[in-house]
Structure formats: C-alpha cells, structure tokens
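K.L.:
When you line the sequence shown up against our numbering, it's residues -7 to 322, in that order.
Have a look at this one before I ask anything.
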Amino acid sequence: MRDRYRRFSFLTDIGGMKNALGEMRGLFFPKQPVLNRQAAAPALDGAWFAGALGDKVARHPDNALEYPFYGEPIFTEPLVGFVRGDDPIFEKLKHVIGPHHFTPWEIMAWQAENNGVEPPAPGDLSVVSFVLPFTKSTRDDNASATVHVSERWAQCRLLGEIFSQTMVGEIVADLMGRGILAVAPDVTPLFRKKRYPAVGWASPWSHRHVAYAAGLGTFGMHDFLITEKGSAHRMGSFVVNLRLEPNRTRPENIHAHCLHHRGVTCLKCASRCPAGAITAGHGHDKEACYRKVASSLRYCTAKYHIFIYGCGLCATGVPCESGIPAALSR
Ligand code: SF4
Ligand code: SF4
C-alpha cells in the first residue's frame, strides 16, 4: 500500500506543488473575496475571533492528517492574540526584517483599492495572530528523528499550511460578507519570498514577528517562537478593519523564553540540529538551515510521497518543545 500511495508525488501532489509556488511566487491563491458594501459591519471583538479560530480547529474536516495517520488532527487548540494596526512595532519591523515587510495599513490599502473604498486609518486596523500547536504524536515522532524530518511532521507542514490558509480564507470571506474589510497577506499575489543580503530568505509578512508583536511568544536560539504551548507549531495572521484590544503582554526581551539567552545552560536545539546550523557564537545560521530544509524535499517525496520540505528537529526533543521551559515559567 505504502509504495502505491501517491507514487511520483513530485508530479502528482498538486496541493504540495501549489503550496510551494504560492509561498515562493505568490501564485495559485484563490480569488480575494469581495467586500459587501451594503452590509452594516458589526463590531466584532477579540472573543469572536478566538471563538471562530478555536471552532475551526476543533471541527473543520481539513484539520486532518492523511494516510497512514487517517483520523488524527493536525493541530490542537490555538493561541490567539491581537495587535493594533498603528502599533509602532510595525515600523521597527521594517528595520529588523527589511523595508519590504508590510505594515498592516500597506496591505489593507491594497485590499481597499481592490474593493474601490478608501483605506481605513492605521488606528482602525488590528492584526489577528494565532499559533496552531502540533499534537503530542507529531512532536514525539519528530523528537525521535535524528537526521530527517518525521512523516507526521512533514504532513503537518504541508496539510497544516493548506488547512491554515483555508481556515483564514473562510473567516476573511465571512468578514467581507458582513461589510468588514479583511485580508490575509500571505494569500495575496504580493506575497513572495526573496533572498535579501541582510536577512537571507524572507517574506513580506512574517507570521512569527507578528505573533511576537501580539505577545504570543519570543524567539529561541532556533528562531522558532517559544510560546506557552512550546515551539512545535505553525502560525498565521490576518488584518481586519476593527479595533481589537491587545489581550497579551509583549515581553520587551525578544528572547525572554529561551534558556540560553537567559543565561541558563541549554543549547539542546544546537545538539539536535543535523546541519550544525545553531551555535552559541553565531546563533541560527539561516542559510545552513535553508540548505538542510531544502534538501529534504527529495526525501519527503521519495519516502512520504508528499511534495514538501521540512525539518523542525531543533523544535522537538528540547526543553521548549511543548511550553516555556520550566526554569523560566516559575
Ligand atoms: S532548546 Fe534551549 S537554547 Fe534552544 S531555543 Fe529552546 S530553550 Fe533556547
Ligand atoms: S530546522 Fe533543522 S536544519 Fe534548521 S536549525 Fe532546526 S534542526 Fe537545524
């Protein structure tokens, strides 16, 4: 059965190839929903968004792994946070990541223009950010891996991304139908990953930095975000024309939850990395990591029959895998 399962996935895993081209080239995304300009936009609050995202994760049929893990969910209950569209952190991100990184207003102006309406003021925008934790089975599988990404983790990378985009697409379409401008930056034609001299591969909208901005976590030595549910997750975010109250406190220290950065002996992520891409002296070498992750595409298509690359070994089998390390959470 396994050998017959989606043979030649580098030709037949259409979902995987579309996902890769979307990420790198901004192609194949569904059409943007149209704003219902007649509807009286309701004043939805943060609780509505937390409920909508939690409900999708709990009930959506696409939150599901494929053969040989049929019946297993990809994600468990999400963490949800909000950041205001005029938060000065978005200007800082233009320096930290690069001038190509969108502010919420820039991406919303594009959506407003698409719909023939004036762009709302930055202060009338909010970003909804969410973290989708992987299940214990997925974390355990990857923690057992030492060279190549595990099959569950690889499936979660691909199917999880597709599910996340579907979920956000449904919520954005719902909001636009109610007369509320909304946009998911990573499913627009403007979303293209490029290699920049200062920061290496980067996209014009970083879910991780937005999640930090929303107080959902801080960066570890491995560059994953360490959240109250750990580092083994996917994340997403979208911009809405609503004033949502920030619900979490953002630590000033961007590494507040990482043992090494707090002076506690750890670097377990470095010893887990098969590419030697994490060192005490130089932190996370994005280029070395990229080479290892990109090389896994061949392995995943041959062994797991899906068109995806991945690794995440440094986010599993480590003290920050499933929560803020105990020594820092007391
Ligand atoms: S494994 Fe240790 S050093 Fe590495 S990110 Fe996690 S807490 Fe930080
Ligand atoms: S994702 Fe893999 S290659 Fe990249 S730093 Fe982590 S363990 Fe190393």
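Think of the CB as a built atom: it goes at the ideal place given N, C-alpha and C, for glycine as much as any other residue.
Just so we're clear, the structure is a prediction, and the values are computed from it rather than from any experiment.
1. Please report the residue range of the beta strand (DSSP E) in which residue 192 lies.
2. Could you tell me whether any non-hydrogen atom of ligand 1 is closer than 8 Å to the CB of residue 246?
3. Kindly indicate the opening and closing residues of the alpha helix (DSSP H) around residue 87.
4. What did DSSP end up calling residue 288 once you bin it into helix, strand or coil?
5. Less than 9 Å between the C-beta atoms of residue 288 and residue 302, yes or no?
6. Pop quiz: residue 354 and residue 306 are said to be a contact at Cβ under 8 Å. What is the actual Cβ separation, rounded to whole angstroms?
7. Which whole runs of the alpha helix (DSSP H) in the stretch 30 to 107 are 4 residues long or more, in chain order?
8. With burial defined as no fewer than 16 other Cβ atoms inside 10 Å of the residue's Cβ, what is the status of residue 257: buried or exposed?
9. Please report the Cβ distance between residue 232 and residue 270, rounded to the nearest whole angstrom; I am assuming they are in contact, meaning their Cβ atoms lie under 8 Å.
10. Assign residue 130 to one of three DSSP states: helix, strand, or coil.
11. Could you tell me which residues DSSP pairs with residue 186 in its beta bridges?
12. In or out: residue 263 buried (at least 16 other Cβ within 10 Å) or exposed?
13. Measure the alpha-carbon distance for residue 34 versus residue 208 and round it to whole angstroms.
14. May I ask you to list the residues that DSSP assigns as paired with residue 168?
15. Just checking residue 22 against ligand 2 - is the residue's beta carbon closer than 8 Å to any of the ligand's heavy atoms?
16. Can you give me the start and stop residues for the alpha helix (DSSP H) that residue 124 sits inside?
17. Let me know the secondary structure DSSP gives residue 199 once reduced to three states.
18. Is there contact here, the stretch 69 to 81 with the stretch 117 to 136, by at least three beta-carbon pairs under 8 Å?
P.N.:
Quick look at the numbers:
1. Counting from one through the sequence shown, the residue named residue 192 turns up at place 200. Secondary structure note for residue 192: its beta strand (DSSP E) is the uninterrupted segment 192 to 194.
2. In the sequence shown, counting from the first residue as 1, residue 246 sits at position 254. In this structure, residue 246 has its beta carbon at no less than 8 Å from each heavy atom of ligand 1.
3. As a first step, residue 87 is located in the sequence shown; it is residue number 95 there, counting from the start. Its alpha helix (DSSP H) spans residues 81 to 88.
4. Counting from 1 along the sequence shown, the entry for residue 288 is found at position 296. Here residue 288 sits in helix by DSSP.
5. Counting from 1 along the sequence shown, the entry for residue 288 is found at position 296. Counting from 1 along the sequence shown, the entry for residue 302 is found at position 310. Contact: yes.
6. Any question about residue 354 goes unanswered here, given that the chain covers just -7 to 322.
7. 38 to 51, 81 to 88, 96 to 106
8. In the sequence shown, residue 257 corresponds to position 265, counting from 1. Exposed, by the Cβ-count rule.
9. Translated into the one-based positions of the sequence shown, residue 232 becomes position 240. Translated into the one-based positions of the sequence shown, residue 270 becomes position 278. Not quite, the Cβ-Cβ distance comes to about 36 Å (not below 8 Å), so this is no contact.
10. Indexing the sequence shown from 1 puts residue 130 at position 138. The three-state secondary structure of residue 130, taken from DSSP, is helix.
11. The count along the sequence shown starts at 1 and reaches residue 186 at position 194. DSSP output for residue 186 lists 194 as bridge partner(s).
12. As a position in the sequence shown, residue 263 is number 271, starting the count at 1. Counting Cβ neighbours within 10 Å, residue 263 comes out exposed, since fewer than 16 surround it.
13. The count along the sequence shown starts at 1 and reaches residue 34 at position 42. The count along the sequence shown starts at 1 and reaches residue 208 at position 216. Roughly 26 Å between the two C-alpha positions.
14. Sequence index remark: in the sequence shown, residue 168 carries index 176 (1-based). None, per the DSSP bridge assignment.
15. Taking the first residue of the sequence shown as 1, we reach residue 22 at position 30. Not so, every heavy atom of ligand 2 lies at least 8 Å from the Cβ.
16. Taking the sequence shown and counting its residues from 1, one reaches residue 124 at position 132. Element bounds for residue 124: not the alpha helix (DSSP H) but the beta strand (DSSP E), 118 to 125.
17. The sequence position of residue 199 within the sequence shown is 207, counting from 1. In the three-state reduction of the DSSP assignment, residue 199 falls in the helix class, which pools H, G and I.
18. yes
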